[in-house]
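Enquirer: Got a structure for you, questions after.
Number of protein chains: 2
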Amino acid sequence: MITVNLNYESATSLYIQLYESIKKDIINKSLAPDSILPSKRSLAAHLGISVKTVENAYSQLLLEGYVYSVEKKGFFVSQLSDYRTPSVRTRPYHSKYQDEAYLVDLKANKNSMEMFPASTWYRMMRETLSYDTSRLLDTVPFNGLSELRIAIARYLLEFRGMTVSPDQIIIGAGTEYLYTRLIQLLGRNTRFAVEDPGYNKIRAIYQSNEVFYEAIGLDKDGIRMDFLEASDCDVVHVAPAHHFPLGLVMPITRRLELLSWVNEKKDRYIIEDDYDCEYRYHGIPVPPLYSIDVRGKVIYMNTFSKCIAPAVRISYMVLPEELMEKYISTMNFYSCSVSSFDQFTLAKFMDGGYLERHINRMKRFYVKQHNDFIEAISHSSLSEKSQVIEDAAGTHFLLKVTTSLTDNELIQKLREKKILISCLSEYCEHHNPAYDATLIINYSGITAQQIQYFVETLNGIL
Amino acid sequence: MITVNLNYESATSLYIQLYESIKKDIINKSLAPDSILPSKRSLAAHLGISVKTVENAYSQLLLEGYVYSVEKKGFFVSQLSDYRTPSVRTRPYHSKYQDEAYLVDLKANKNSMEMFPASTWYRMMRETLSYDTSRLLDTVPFNGLSELRIAIARYLLEFRGMTVSPDQIIIGAGTEYLYTRLIQLLGRNTRFAVEDPGYNKIRAIYQSNEVFYEAIGLDKDGIRMDFLEASDCDVVHVAPAHHFPLGLVMPITRRLELLSWVNEKKDRYIIEDDYDCEYRYHGIPVPPLYSIDVRGKVIYMNTFSKCIAPAVRISYMVLPEELMEKYISTMNFYSCSVSSFDQFTLAKFMDGGYLERHINRMKRFYVKQHNDFIEAISHSSLSEKSQVIEDAAGTHFLLKVTTSLTDNELIQKLREKKILISCLSEYCEHHNPAYDATLIINYSGITAQQIQYFVETLNGIL
Numbered sequence: 073m074i075t076v077n078l079n080y081e082s083a084t085s086l087y088i089q090l091y092e093s094i095k096k097d098i099i100n101k102s103l104a105p106d107s108i109l110p111s112k113r114s115l116a117a118h119l120g121i122s123v124k125t126v127e128n129a130y131s132q133l134l135l136e137g138y139v140y141s142v143e144k145k146g147f148f149v150s151q152l153s154d155y156r157t158p159s160v161r162t163r164p165y166h167s168k169y170q171d172e173a174y175l176v177d178l179k180a181n182k183n184s185m186e187m188f189p190a191s192t193w194y195r196m197m198r199e200t201l202s203y204d205t206s207r208l209l210d211t212v213p214f215n216g217l218s219e220l221r222i223a224i225a226r227y228l229l230e231f232r233g234m235t236v237s238p239d240q241i242i243i244g245a246g247t248e249y250l251y252t253r254l255i256q257l258l259g260r261n262t263r264f265a266v267e268d269p270g271y272n273k274i275r276a277i278y279q280s281n282e283v284f285y286e287a288i289g290l291d292k293d294g295i296r297m298d299f300l301e302a303s304d305c306d307v308v309h310v311a312p313a314h315h316f317p318l319g320l321v322m323p324i325t326r327r328l329e330l331l332s333w334v335n336e337k338k339d340r341y342i343i344e345d346d347y348d349c350e351y352r353y354h355g356i357p358v359p360p361l362y363s364i365d366v367r368g369k370v371i372y373m374n375t376f377s378k379c380i381a382p383a384v385r386i387s388y389m390v391l392p393e394e395l396m397e398k399y400i401s402t403m404n405f406y407s408c409s410v411s412s413f414d415q416f417t418l419a420k421f422m423d424g425g426y427l428e429r430h431i432n433r434m435k436r437f438y439v440k441q442h443n444d445f446i447e448a449i450s451h452s453s454l455s456e457k458s459q460v461i462e463d464a465a466g467t468h469f470l471l472k473v474t475t476s477l478t479d480n481e482l483i484q485k486l487r488e489k490k491i492l493i494s495c496l497s498e499y500c501e502h503h504n505p506a507y508d509a510t511l512i513i514n515y516s517g518i519t520a521q522q523i524q525y526f527v528e529t530l531n532g533i534l
Numbered sequence: 073m074i075t076v077n078l079n080y081e082s083a084t085s086l087y088i089q090l091y092e093s094i095k096k097d098i099i100n101k102s103l104a105p106d107s108i109l110p111s112k113r114s115l116a117a118h119l120g121i122s123v124k125t126v127e128n129a130y131s132q133l134l135l136e137g138y139v140y141s142v143e144k145k146g147f148f149v150s151q152l153s154d155y156r157t158p159s160v161r162t163r164p165y166h167s168k169y170q171d172e173a174y175l176v177d178l179k180a181n182k183n184s185m186e187m188f189p190a191s192t193w194y195r196m197m198r199e200t201l202s203y204d205t206s207r208l209l210d211t212v213p214f215n216g217l218s219e220l221r222i223a224i225a226r227y228l229l230e231f232r233g234m235t236v237s238p239d240q241i242i243i244g245a246g247t248e249y250l251y252t253r254l255i256q257l258l259g260r261n262t263r264f265a266v267e268d269p270g271y272n273k274i275r276a277i278y279q280s281n282e283v284f285y286e287a288i289g290l291d292k293d294g295i296r297m298d299f300l301e302a303s304d305c306d307v308v309h310v311a312p313a314h315h316f317p318l319g320l321v322m323p324i325t326r327r328l329e330l331l332s333w334v335n336e337k338k339d340r341y342i343i344e345d346d347y348d349c350e351y352r353y354h355g356i357p358v359p360p361l362y363s364i365d366v367r368g369k370v371i372y373m374n375t376f377s378k379c380i381a382p383a384v385r386i387s388y389m390v391l392p393e394e395l396m397e398k399y400i401s402t403m404n405f406y407s408c409s410v411s412s413f414d415q416f417t418l419a420k421f422m423d424g425g426y427l428e429r430h431i432n433r434m435k436r437f438y439v440k441q442h443n444d445f446i447e448a449i450s451h452s453s454l455s456e457k458s459q460v461i462e463d464a465a466g467t468h469f470l471l472k473v474t475t476s477l478t479d480n481e482l483i484q485k486l487r488e489k490k491i492l493i494s495c496l497s498e499y500c501e502h503h504n505p506a507y508d509a510t511l512i513i514n515y516s517g518i519t520a521q522q523i524q525y526f527v528e529t530l531n532g533i534l
């Protein structure tokens with residue numbers, strides 16, 4: 073007969089204690105496979121508990137398959153081969169993966185925390201909480217809340233001169249997410265062209281998804297048309313308003329060449345990455361390629377992580393109508409990846425005109441950061457060993473230095489001084505000596521003190 | 073000489089008016105390609121404006137490439153081939169894509185809005201807003217906030233008997249998102265096995281990503297081991313605690329067979345989808361396969377969309393340590409796709425014990441929904457033409473009906489009566505007559521009135 077120490081004081085109910093006890097006996101073979109269990113009634117009498125308690129324990133064992141039942145005969149022990157339970161870890165958690173701490177991070181390009189319009193944003197959040205609760209828990213359409221798509225379409229018309237229907241917009245949790253979707257939409261046999269140098273993550277995404285890409289060199293106007301023509305690629309990824317990391321603006325002439333290239337074949341497309349279009353310090357922002365595309369060949373990508381805060385994981389893409397139809401017929405089973413709460417909050421933020429104000433404020437801040445940094449260099453003897461390459465836009469500039477060190481050595485020496493920084497060569501697929509010894513200075517979240525420390529440290533190293 | 077009507081009253085600054093005007097003349101060839109522009113000084117004098125204004129207009133034209141400059145000579149008009157501007161749409165937005173409106177939706181399985189612990193959730197949001205603002209805008213680690221990963225690890229230990237380090241957890245915006253990552257992590261040459269019938273979206277994701285999958289038939293214990301062995305697949309996707317849509321629980325015997333299969337080869341893995349494990353109405357939840365895997369071969373997937381609300385787009389996967397090391401070395405360039413705000417809010421919700429309470433409340437609610445629905449059927453003459461197949465778990469049951477209609481006709485007839493519903497056959501890759509004429513009743517968000525309407529309507533159709 074089954075023996076079990078039932079604890080009547082325990083928070084665990086009797087039937088679970090009984091179930092656990094029998095289960096243990098089955099696992100360690102105290103109860104032999106295919107042996108019959110006592111009847112509910114007799115076990116209940118034996119243990120001095122109710123038949124219902126035994127019944128519940130047997131039901132759970134049956135449900136999980138530790139016993140099987142034979143009609144009119146009763147419950148039998150299942151045959152378990154090689155059962156093992158992993159040990160339970162109780163030690164406290166210390167992550168194996170710790171980021172190194174740096175004094176100056178010129179790589180991450182974090183937005184300055186102080187510049188985030190926190191009180192306004194939180195007010196929008198509270199308003200969302202108070203007014204829209206009835207809709208907050210509704211399932212979000214696959215392409216995002218219509219409120220937000222309408223706000224984005226209006227924004228694009230007013231600030232980027234783009235005529236976009238909210239039906240063409242797909243909201244997603246980050247541009248990386250949207251790129252993965254695009255690969256599926258365009259098809260895995262698509263041959264992608266990227267700029268070289270260019271944004272590393274795009275290449276990493278193509279690599280991780282095991283699709284073909286070719287890195288195409290640039291001239292002073294951007295991606296080289298002769299290389300592109302020769303590449304046999306179908307889809308080209310460019311950042312015409314502000315190339316990363318070179319800072320080039322693609323002139324209208326090259327844009328027209330690119331459009332005439334894309335119009336040559338049906339399945340050709342241009343992916344336009346307009347990531348920091350808002351931040352041009354003199355004059356007006358450079359219009360997007362999208363605004364002069366009349367045949368629906370430009371896929372437009374942008375993100376709010378850059379202009380609001382990285383923690384706001386909202387990006388969007390504008391698909392030409394033909395591609396949108398294809399997306400709807402093949403990929404609308406994917407749920408929208410951004411919570412409705414965040415979408416309502418951002419829509420309110422945009423509708424209230426706060427995004428525009430925020431961007432203007434950021435622009436003034438970045439101009440000052442940019443000028444302070446360049447001034448600090450020019451006032452130091454570092455200026456004799458380096459040359460600033462900048463175009464009064466975005467949140468970074470390049471610093472070409474005179475050194476016999478390799479890029480790796482340079483990065484390593486700065487890292488030893490707790491400075492995290494990238495070289496232009498890291499963004500190249502093919503080595504180009506013209507791009508050597510060129511540091512990328514991402515200045516968006518840097519303090520005056522950090523600028524000073526960096527300038528002095530680099531000066532000491534060179 | 074260039075003529076331009078400058079409007080001194082306009083909100084648009086003079087230099088932008090001048091820039092726009094010259095740009096238009098260049099596009100429509102009023103200014104001939106390669107012709108020289110007037111000098112800044114002479115144009116300024118001609119128009120009666122400052123030289124600085126002309127300079128700004130010329131700079132913007134130069135930046136965008138509408139003109140080019142030749143040293144010591146001046147600015148020249150660029151050669152533009154085939155420039156066209158798309159027309160600006162001003163009509164108001166009416167989406168082309170409108171969802172049909174239904175009286176009863178038995179397909180979506182929406183959580184009941186009234187059951188959402190709104191006031192508690194919003195309180196957590198407010199607390200997040202008031203206390204964590206300093207961290208809210210920080211970049212989130214690629215695998216998610218440590219606070220949330222710690223809360224999930226604790227939850228899995230307490231409620232699922234799983235020993236998991238927070239370092240093994242990756243947070244993502246929905247399970248679909250995580251599946252896409254998994255495909256990249258395991259490699260595109262992986263042969264995936266899925267259950268047939270089974271969750272449609274998994275198949276759609278594999279299809280959309282163009283990776284191989286095989287749909288493997290089931291017996292009463294779940295996925296058939298003989299078919300799996302024969303399939304030559306490496307990775308199998310199962311829902312052992314509660315199969316969708318059949319509702320099967322995989323018994324311990326089959327689980328051990330599956331573990332012995334996965335241990336046979338190095339690159340084999342099991343993806344365990346534990347999507348609604350919390351909702352078992354009698355007894356205790358069925359333990360996960362993960363809890364008896366000692367060799368790190370089970371990838372565990374779960375979501376909070378199901379147990380909190382679909383609008384909460386937070387899912388997670390638990391990777392075996394070996395796979396986590398691989399993820400870190402090849403895929404940690406992907407940013408975390410959930411906003412830090414949502415992650416802080418959920419961590420607070422879990423740490424406060426609210427998730428546990430919410431789940432218990434939901435369970436009582438679903439039991440009632442389940443019983444009410446089945447009772448309504450049994451009290452109607454529909455019971456003579458149908459058979460309920462249910463297992464007292466989850467948020468759906470099956471209704472096998474006696475009819476000469478095909479599944480498509482049945483769905484269509486119900487659709488005409490504004491009822492949206494799925495048949496079991498829609499979840500099958502291979503047709504199996506045993507699964508015909510079986511409706512899937514997702515009852516989670518259905519009202520008593522809707523139940524009544526459905527029962528009467530279906531009764532009328534059969």
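Chains as they are written, first to last, in our numbering: chain X, 73 to 534; chain C, 73 to 534.
We put the beta carbon where it would ideally sit given N, CA and C, even for glycine.
#1: Quick one: what's got a C-beta closer than 6 Å to ARG340 of chain X's C-beta in the same chain, skipping five residues either side?
#2: Pull up the distance between the alpha-carbon of LYS457 of chain C and that of ILE446 of chain C, whole angstroms please.
#3: How far does the alpha helix (DSSP H) with ASP293 of chain C in it extend, from its first residue to its last?
#4: Tell me whether THR519 of chain C is buried or exposed, calling it buried when 16 or more other Cβ atoms sit within 10 Å of its Cβ.
#5: I need the straight-line Cα distance from ARG198 of chain X to GLU248 of chain X, nearest angstrom please.
#6: Using C-beta distances below 6 Å, list every residue in its chain close to PHE316 of chain C, excluding the 5 sequence neighbours before and after it, in chain order.
#7: Kindly list, in the order they appear in chain C, the residues whose Cβ is closer than 7 Å to that of TYR169 of chain X.
#8: First and last residue of the beta strand (DSSP E) that includes TYR341 of chain X?
#9: In angstroms, rounded to a whole number, what distance separates the CA positions of ARG433 of chain C and CYS379 of chain C?
#10: Any chance the region 409-426 of chain X sits against the region 216-224 of chain X, with 3 or more Cβ pairs inside 8 Å?
#11: Using the rule of at least 16 other Cβ atoms within 10 Å of the residue's Cβ for burial, across every protein chain shown, is THR125 of chain C buried or exposed?
#12: Looking only at C-alpha atoms, which of C:GLN522, C:HIS502, C:VAL410 sits nearest to ILE26 of chain C?
#13: In chain X, which residues lie with their C-beta within 7 Å of the C-beta of ASN281 of chain C?
#14: Would you list, in chain order, the members of the region 118-137 of chain C that have their beta-carbon closer than 7 Å to a beta-carbon of chain X?
#15: Can you round the beta-carbon distance between ILE461 of chain X and GLU350 of chain X to whole angstroms, since I take them to be within the 8 Å contact cut?
#16: Can you have a look at SER453 of chain X and say buried or exposed, based on whether 16 or more other CB atoms are within 10 angstroms of its CB?
#17: Under 9 Å between C-beta atoms, does TYR271 of chain X make it to chain C?
#18: Please confirm if MET535 of chain X has its CB atom under 9 Å from at least one CB of chain C.
#19: Look at the Cβ atom of LEU361 of chain C, then the Cβ atom of TYR155 of chain X, and state whether they are nearer than 9 Å.
#20: Is the shortest distance between the beta-carbon of VAL366 of chain X and the beta-carbons of chain C less than 9 Å?
#21: Which term fits LYS338 of chain X, buried or exposed, when burial requires 16 or more other beta carbons within 10 angstroms of its beta carbon?
#22: Can a CB atom of chain C be found closer than 9 Å to the CB of GLY246 of chain X?
#23: Please list, in chain order, the chain C residues whose beta carbon lies closer than 9 Å to that of ARG260 of chain X.
#24: When DSSP builds the beta bridges, which residues end up paired with PHE147 of chain X?
#25: I'd like to know if the region 261-278 of chain C and the region 294-309 of chain C are in contact, where contact means that at least 3 CB-CB pairs between them fall below 8 Å.
#26: Select from X:TYR278, X:SER387, X:CYS500 the residue whose C-alpha is nearest the C-alpha of LYS318 of chain X.
#27: Quick check: the region 132-142 of chain X against the region 89-98 of chain X, are at least 3 beta-carbon pairs closer than 8 Å?
#28: Between ARG253 of chain X and GLY259 of chain X, is the Cβ-Cβ spacing less than 9 Å?
#29: Go ahead and pull the three-state DSSP assignment for LEU90 of chain X.
#30: Touch check for the region 474-488 of chain C and the region 142-150 of chain C: three-plus C-beta pairs under 8 Å?
#31: Taking CB distances under 9 Å as the criterion, tell me whether PRO546 of chain X reaches chain C.
#32: What do you get for GLN539 of chain X, buried or exposed, if any count of 16 or more other CB atoms within 10 angstroms of its CB means buried?
#33: Can the beta-carbon of ARG263 of chain C be found less than 9 Å from the beta-carbon of ILE295 of chain C?
#34: How far does the alpha helix (DSSP H) with PHE376 of chain X in it reach, from first residue to last?
#35: Our contact map puts PHE413 of chain C next to ALA383 of chain X with C-beta atoms below 8 Å; I'd like the distance itself, whole angstroms only.
Expert: Reading it off the structure:
#1: Only ASP306, VAL334 meet the Cβ criterion.
#2: 14 Å
#3: Unbroken run through ASP293 of chain C: none, as it is neither H nor E.
#4: exposed
#5: 29 Å
#6: TYR271
#7: ASP239, ILE400
#8: 341-345
#9: 11 Å
#10: Taking 8 Å as the limit for Cβ pairs, the verdict is that the region 216-224 of chain X does touch the region 409-426 of chain X.
#11: By the neighbour-count criterion, in which 16 or more other beta carbons inside 10 Å mark a residue as buried, THR125 of chain C falls on the buried side.
#12: With chain C covering 73 to 534 only, the question about residue 26 of chain C has no answer from this structure.
#13: By Cβ distance, chain X contributes GLN256.
#14: ASN128, SER131, GLN132, LEU135, GLU136, GLY137
#15: 21 Å between Cβ atoms; not a contact.
#16: exposed
#17: no
#18: Residue 535 of chain X lies beyond the range of chain X shown here (73 to 534); nothing can be said about it.
#19: no
#20: yes
#21: exposed
#22: yes
#23: ARG260, ASN281, GLU282
#24: X:SER141
#25: yes
#26: Strictly speaking, residue 318 of chain X in this sequence is Leu, with Lys absent from that position. Checking every option, the nearest Cα to that of LEU318 of chain X belongs to X:CYS500.
#27: Under the three-pair Cβ rule at 8 Å, the region 89-98 of chain X counts as touching the region 132-142 of chain X.
#28: Contact: no.
#29: helix
#30: no
#31: Because chain X in this structure spans residues 73 to 534, residue 546 of chain X falls outside the shown range and cannot be described.
#32: Residue 539 of chain X cannot be examined here, being either before or after the span of chain X that is shown, 73 to 534.
#33: no
#34: That residue, PHE376 of chain X, is in no alpha helix (DSSP H); it is neither H nor E in DSSP.
#35: Yes, PHE413 of chain C and ALA383 of chain X are in contact; Cβ-Cβ is about 7 Å, under 8 Å.
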